[in-house]
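Structure first, commentary second.
In this note's numbering, the protein residues as written are 2 to 65.
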């Protein structure tokens with residue numbers, strides 16, 4: 002994946018207060034979401050603020 006053109010996306014449903022891990026988020030193209038792929042590692046371990054459906058581009062408001 003070309004990280005310059007990708008954004009962070011949920012790869013399964015994420016519940017409120019659930020920690021973000023490599024099992025529930027990844028990067029996908031196109032990179033039209035708010036959180037770009039270069040921020041991926043910074044998100045790991047943070048908590049979801051809301052229910053996030055599968056295949057949703059993450060927004061900074063979605064995370065702790």
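Note that the Cβ used here is the ideal one computed from N, Cα and C, for glycine as well.
These numbers come from a predicted model, not from an experiment.
DSSP on residue i, reduced to helix/strand/coil?
| i | result |
| --- | --- |
| residue 49 | strand |
With residue i as the anchor, note down where its alpha helix (DSSP H) starts and where it stops.
| i | result |
| --- | --- |
| residue 42 | 41–44 |
What residue range does the beta strand (DSSP E) around residue i cover?
| i | result |
| --- | --- |
| residue 27 | 26–29 |
| residue 10 | 8–11 |
Distance check for residue j and residue i, CA to CA, integer angstroms please.
| i | j | result |
| --- | --- | --- |
| residue 31 | residue 45 | 21 Å |
| residue 14 | residue 6 | 23 Å |
Pick from the options: whose alpha carbon is nearest that of residue i?
| i | options | result |
| --- | --- | --- |
| residue 49 | 6, 9, 7, 21 | 21 |
| residue 33 | 64, 59, 65 | 59 |
| residue 8 | 17, 24, 36, 19 | 36 |
| residue 56 | 16, 17, 26, 19 | 26 |
| residue 43 | 29, 52, 23 | 23 |
Any idea if residue i is buried or exposed, counting beta-carbon neighbours within 10 angstroms, 16 or more meaning buried?
| i | result |
| --- | --- |
| residue 62 | exposed |
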